[in-house]
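In our numbering, the protein residues as written are 47 to 150.
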């Protein structure tokens, strides 16, 4: 699933690159082509292509990013496991409760 999604992103990048008449080197380093990509890189590429970043996520099968892929991207960016992110969410909620109690 993740590999298919990454392939789709790269396919979309290639499509918009060709539409704009740009060279591959104008968009990304060639050694990175087809490999994982960070959110920041996607944003930079979308700015170079002058398109909204969401267009890079478009898929022929689906217009939505699945939860699994979204988790994968977030975990990759934060270098955390899904369990660590969930634990952080629980911790943040606990801290918010403490802050709200102290305000009363």
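Even for Gly, the Cβ is constructed at its ideal location relative to N, Cα and C.
None of these values were measured; they are calculated from a predicted model.
| Query | Result |
| --- | --- |
| Sequence-distant residues of its chain with Cβ nearer than 8 Å to residue 84 (five each side left out) | 122 and 123 |
| Same chain, Cβ closer than 7 Å to residue 74, neighbours up to 5 away in sequence not counted | 91 |
| Within 8 Å, strictly: CB atoms of residue 131 and residue 102 | no |
| Same chain, Cβ closer than 8 Å to residue 109, five either side skipped, listed in chain order | Only weak support is given to the placement of residue 109: the predicted model assigns it a pLDDT of 48, under 50, and the value that follows is read from those uncertain coordinates. Cβ neighbours of residue 109 beyond the five flanking positions: none. |
| Residue from 138, 97 and 82 with nearest C-alpha to residue 65 | 97 |
| Span of the alpha helix (DSSP H) around residue 137 | 128–149 |
| Supposed close pair residue 104, residue 58 - CB separation, criterion 8 Å | 6 Å |
| Own chain, CB closer than 8 Å to residue 82, minus 5 neighbours either side, in chain order | 52 and 122 |
| Residue of 89, 49, 50 and 95 minimising C-alpha distance to residue 63 | 95 |
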